[in-house]
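Q: Quick one: this structure, given as C-alpha cells, is what I'll be asking you about.
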Ligand SMILES: Cc1cc2nc3c(=O)[nH]c(=O)nc-3n(C[C@H](O)[C@H](O)[C@H](O)COP(=O)(O)OP(=O)(O)OC[C@H]3O[C@@H](n4cnc5c(N)ncnc54)[C@H](O)[C@@H]3O)c2cc1C
C-alpha cells in the first residue's frame, strides 16, 4: 500500500472511531461553522468536542508545523484528509480569523516565542481573533491609521478608534495596526501588535447593518495596553506584516464567498448538484428535466460554469499555499471574482424567488425566504470588506499587470 493510501486508511479509522457520531453528515456551511474562543457559540451541540478531537492531531490546521500544534502534513496528505472529512460529511472543524489570517501571518513573520505562545491556541480554537485595521480616517488608505501606540516600559499604550471590527463583540484578542512614529512617511511609522481585548481600556460597540444584523463593531481604545513581546516583525515594520496578512484575507474572502459558503473549496469544486437548479425548477417549473424558462436556464447554467471554473482555480492556489507558497498580489483577482460571483448568485436567487424574496418579516414568507432577503443585503458588503474592488483593481494594475502609474 502506498504511503498516501495507508495514511488514508489511518485517517478514515480515526475519523470513524473518534469523531462524535452526531456531527457526521452535518456538513455545515463554512460561514456558519465553529469559531471557537473563550465564549464559543455552538452551531452543533458537538462542535467544541469535535474541534478538540481534530486539534489533538493538528487536523484543524493540517499543514502547519507540528512544533506549534499543527498537523505537519504536506499538500498531498492534507488533500487526503480533506477528502476523508468530505466523505463522512463532517464539517470543517474550526474556522475564523485565527486560522485564516493571523495564524499564517505569525508563521511567516513571528518569532519562535510568538509562534509558541499563540499558534497552539489558534489550532485548539481557544482564542477568537478579530482584525483591528480600519479606522474612521483609514479605509482604502489603510496606511493612514492614527491609533497611537506609545512606549511605556515593557508595554505600548494604545489610544484611538477602530471601526468595522467584524465580530468585535465576540473577539478575545485583536491584531491591530498602530501608529508608532507620526513623523516619517506614513507606511514607515506603523507597528503591528497583538493584544488581549479583556481589559478595561477596550470598549466594543456593535453597529447595526441594513440586513438587521450586527456582525461588526466600533472598537474604542483608551489607554489600552499591549505587551511589547507581542509586536510582530519589530517596531515600525508593521506595514510589511499588514500587506502579508491582507493576501491571506483576500484569498479567504474570495474563496469563501465564491464558493457560496460551501463546506470546503475541494468539496465545492466536486459538487455536481447545483442548488440553484432545484430552486429554479421549484419556482419556474420543470420542462422534461430542464428549467422551464430558457432565459433563467441560461443564467443558472452560466453561473454554475463560472462557479466551477473559479473553484478549480481556488483549489490550485490552495494546493500552492499548502506547499508553503505565500499569496501574492494575485489574491486580489480571487477577491474580486469570488465576491462578484456571490453577488451575482444572490441576485439570481432573488430573481428566481420573485416577490417572495422581498419579505422582511411576517407569516407570508418562509424562514428560507426571509433569510434570502438578508443574505442578498449582506452580499452588498462583499465588494467592500477586505479592501474594495476599486482598490483591488489598482493592485492588479500596478503589481500584477505592471501597468504604468
Ligand atoms: C462586511 C465588512 C466587514 C469588515 N470587517 C472588517 C474588520 O473585521 N476589520 C477591519 O479593520 N475592517 C473591516 N472592514 C472594513 C473594510 O476593510 C473597509 O470598509 C474597506 O477597506 C473600505 O474602506 P472605507 O469603508 O473607509 O471606504 P473608503 O476608503 O472611504 O472608500 C470609499 C469609496 O472610494 C473608493 N476609493 C477609495 N480610494 C480609492 C482609490 N485609490 N482608487 C479608486 N477608488 C478608491 C472605494 O473603492 C470606495 O468605493 C469591513 C467592511 C465590511 C463591509
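Numbering (the numbering used here), first residue to last: 12 to 416. Note that the Cβ used here is the ideal one computed from N, Cα and C, for glycine as well.
Considering just the uninterrupted stretch of the beta strand (DSSP E) at residue 176, what are its terminal residues?
A: Walking along the chain shown from the start, residue 176 turns up at place 165. Its beta strand (DSSP E) spans residues 166 to 177.
Q: So, helix, strand or coil for residue 52, using DSSP?
A: Along the chain shown, one-based indexing puts residue 52 at 41. Coil at residue 52, not helix or strand.
Q: Once you ignore the five residues that flank residue 198 on each side, which residues in its own chain have a CB closer than 7 Å to its CB?
A: Working through the chain shown from its first residue, we reach residue 198 at position 187. Only residues of its own chain outside the window of five on either side were considered, and among them 154 and 250 have a CB closer than 7 Å to the CB of residue 198, listed in chain order.
Q: Considering only C-alpha positions, which residue in the set 200, 159 and 196 is nearest to residue 237?
A: Working through the chain shown from its first residue, we reach residue 237 at position 226. Comparing Cα positions, the closest option is 159.
Q: Less than 6 Å separating the Cβ of residue 344 from some heavy atom of ligand 1?
A: In the chain shown, the residue the question calls residue 344 occupies position 333. Here the distance from the Cβ of residue 344 to the nearest heavy atom of ligand 1 is not below 6 Å.
Q: Would you say residue 171 and residue 141 are within 7 Å of each other, going by their C-beta atoms?
A: Walking along the chain shown from the start, residue 171 turns up at place 160. Walking along the chain shown from the start, residue 141 turns up at place 130. The answer is no: Cβ separation not under 7 Å.
Q: In or out: residue 382 buried (at least 16 other Cβ within 10 Å) or exposed?
A: Translated into the one-based positions of the chain shown, residue 382 becomes position 371. Burial call: exposed.
Q: Can you check whether the CB of residue 114 is closer than 7 Å to the CB of residue 133?
A: For the purposes of this step, residue 133 is taken as the residue at position 122 of the chain shown. For the purposes of this step, residue 114 is taken as the residue at position 103 of the chain shown. Against a cut-off of 7 Å, the Cβ pair of residue 114 and residue 133 comes out as a contact.
Q: Give me the Cα-Cα distance between residue 50 and residue 137, rounded to the nearest whole angstrom.
A: Along the chain shown, one-based indexing puts residue 50 at 39. Along the chain shown, one-based indexing puts residue 137 at 126. If I take the Cα positions, the gap works out to 9 Å.
Q: If you measure from the beta carbon of residue 54 to each beta carbon in chain B, is any gap under 7 Å?
A: Although the question refers to chain B, the structure presented lacks it and comprises just one protein chain.
Q: Starting from residue 237, trace the beta strand (DSSP E) both ways and give me its first and last residue.
A: Taking the chain shown and counting its residues from 1, one reaches residue 237 at position 226. Residue 237 -> beta strand (DSSP E) spans 227 to 238.
Q: Rounding to the nearest angstrom, what Cα-Cα distance links residue 331 and residue 378 in this structure?
A: In the chain shown, the residue the question calls residue 331 occupies position 320. In the chain shown, the residue the question calls residue 378 occupies position 367. Cα to Cα, the separation comes out at about 40 Å.
Q: In the DSSP assignment, the alpha helix (DSSP H) including residue 16 goes from what residue to what residue?
A: Residue mapping note: residue 16 aligns to position 5 of the chain shown, counting from 1. Start and end: 14 to 29.
Q: Quick check: does the Cβ of residue 348 come within less than 6 Å of any heavy atom belonging to ligand 1?
A: The residue you call residue 348 lines up with position 337 of the chain shown. Outside the cutoff, so no.
Q: Given this structure, state the Cα-to-Cα distance separating residue 44 from residue 18, to the nearest angstrom.
A: By one-based count along the chain shown, residue 44 stands at place 33. By one-based count along the chain shown, residue 18 stands at place 7. Between residue 44 and residue 18, the C-alpha separation is close to 26 Å.
Q: Is residue 356 near residue 222, with beta carbons less than 7 Å apart?
A: Start at 1 with the first residue of the chain shown, and residue 356 comes out as number 345. Start at 1 with the first residue of the chain shown, and residue 222 comes out as number 211. No. Outside cutoff.
Q: Secondary structure at residue 250, three-state DSSP: helix, strand or coil?
A: Here residue 250 refers to the residue found at position 239 when the chain shown is read from its first residue. Reduced to three states, the DSSP call for residue 250 is helix.
Q: Once the 5 residues before and after residue 345 are set aside, which same chain residues still bring their CB inside 6 Å of it?
A: The sequence position of residue 345 within the chain shown is 334, counting from 1. For residue 345, the CB contacts under 6 Å within the same chain, skipping 5 residues up- and downstream, are 262 and 265 in chain order.
Q: Could you tell me whether the Cβ atoms of residue 248 and residue 205 are closer together than 7 Å?
A: Taking the first residue of the chain shown as 1, we reach residue 248 at position 237. Taking the first residue of the chain shown as 1, we reach residue 205 at position 194. For residue 248 and residue 205, no; Cβs fall outside 7 Å.
Q: Scan the region 56 to 138 and note each continuous alpha helix (DSSP H) run of 4 residues or more that stays entirely inside, going in chain order.
A: 58 to 66, 86 to 98, 114 to 120 and 123 to 134
Q: Thinking C-alpha only, which one of 15, 54, 20 and 59 is nearest residue 30?
A: The residue given as residue 30 occupies position 19 in the chain shown. For the residues 15, 54, 20 and 59, the minimum Cα distance to residue 30 belongs to 59.
Q: Give me the Cα-Cα distance between residue 213 and residue 174, rounded to the nearest whole angstrom.
A: By one-based count along the chain shown, residue 213 stands at place 202. By one-based count along the chain shown, residue 174 stands at place 163. Those two C-alpha atoms are separated by around 13 Å.
Q: Quick one: grab the DSSP three-state call for residue 210.
A: Here residue 210 is taken as the residue at index 199 of the chain shown, counted from 1. Residue 210: coil per DSSP, three-state reduction.
Q: Give a single yes or no on whether residue 107 has its beta carbon closer than 6 Å to a heavy atom of ligand 1.
A: Here residue 107 refers to the residue found at position 96 when the chain shown is read from its first residue. Flag unset: Cβ of residue 107 not near ligand 1.
Q: Rounding to the nearest angstrom, what Cα-Cα distance links residue 374 and residue 107 in this structure?
A: The residue labelled residue 374 in the question sits at position 363 within the chain shown. The residue labelled residue 107 in the question sits at position 96 within the chain shown. Distance between the alpha carbons of residue 374 and residue 107: 35 Å.
Q: Smallest Cα separation from residue 76: which of 131, 57, 27 and 98?
A: The residue given as residue 76 occupies position 65 in the chain shown. Looking from the CA of residue 76, the closest CA among 131, 57, 27 and 98 belongs to 131.
Q: Straight-line CA distance for residue 453 to residue 25?
A: Any question about residue 453 goes unanswered here, given that the chain covers just 12 to 416.
Q: Does DSSP put residue 381 in a helix, a strand or coil?
A: Residue numbering aside, residue 381 sits at position 370 when the chain shown is read from its first letter. Residue 381: helix per DSSP, three-state reduction.
Q: With respect to the alpha helix (DSSP H) encompassing residue 293, which residues constitute its N-terminal and C-terminal limits?
A: Walking along the chain shown from the start, residue 293 turns up at place 282. Per DSSP, residue 293 belongs to the alpha helix (DSSP H) from 286 to 295.
Q: Go ahead and label residue 403 buried or exposed: buried means 16 or more other beta carbons lie within 10 angstroms of its beta carbon, across all protein chains shown.
A: The count along the chain shown starts at 1 and reaches residue 403 at position 392. Buried: at least 16 other Cβ atoms inside 10 Å.
Q: Need the endpoints of the alpha helix (DSSP H) that residue 345 sits in, please.
A: As a position in the chain shown, residue 345 is number 334, starting the count at 1. Per DSSP, residue 345 belongs to the alpha helix (DSSP H) from 342 to 364.
Q: Please name the residue, chosen from 146, 118 and 413, that lies closest to residue 336 on a Cα-to-Cα basis.
A: The sequence position of residue 336 within the chain shown is 325, counting from 1. Checked all of 146, 118 and 413; the closest Cα to residue 336 is 118.
Q: Measure from the alpha carbon of residue 324 to the alpha carbon of each residue in 349, 184, 390 and 239, then state which is nearest.
A: Within the chain shown, numbered from 1, the residue matching residue 324 stands at position 313. Considering only alpha carbons, the answer is 349.
Q: Got a sec: does ligand 1 put a non-hydrogen atom nearer than 6 Å to the Cβ of residue 354?
A: In the chain shown, the residue the question calls residue 354 occupies position 343. Every heavy atom of ligand 1 is 6 Å or more from the Cβ of residue 354, so no.
Q: Based on the DSSP output, what are the partners of residue 146 in its beta bridges?
A: Mapped onto the chain shown, residue 146 falls at position 135. In the DSSP output, where bridge partners are listed per residue, residue 146 has 149.
Q: Is residue 186 near ligand 1, in the sense that its beta carbon is under 6 Å from a heavy atom of that ligand?
A: Start at 1 with the first residue of the chain shown, and residue 186 comes out as number 175. Not so, every heavy atom of ligand 1 lies at least 6 Å from the Cβ.
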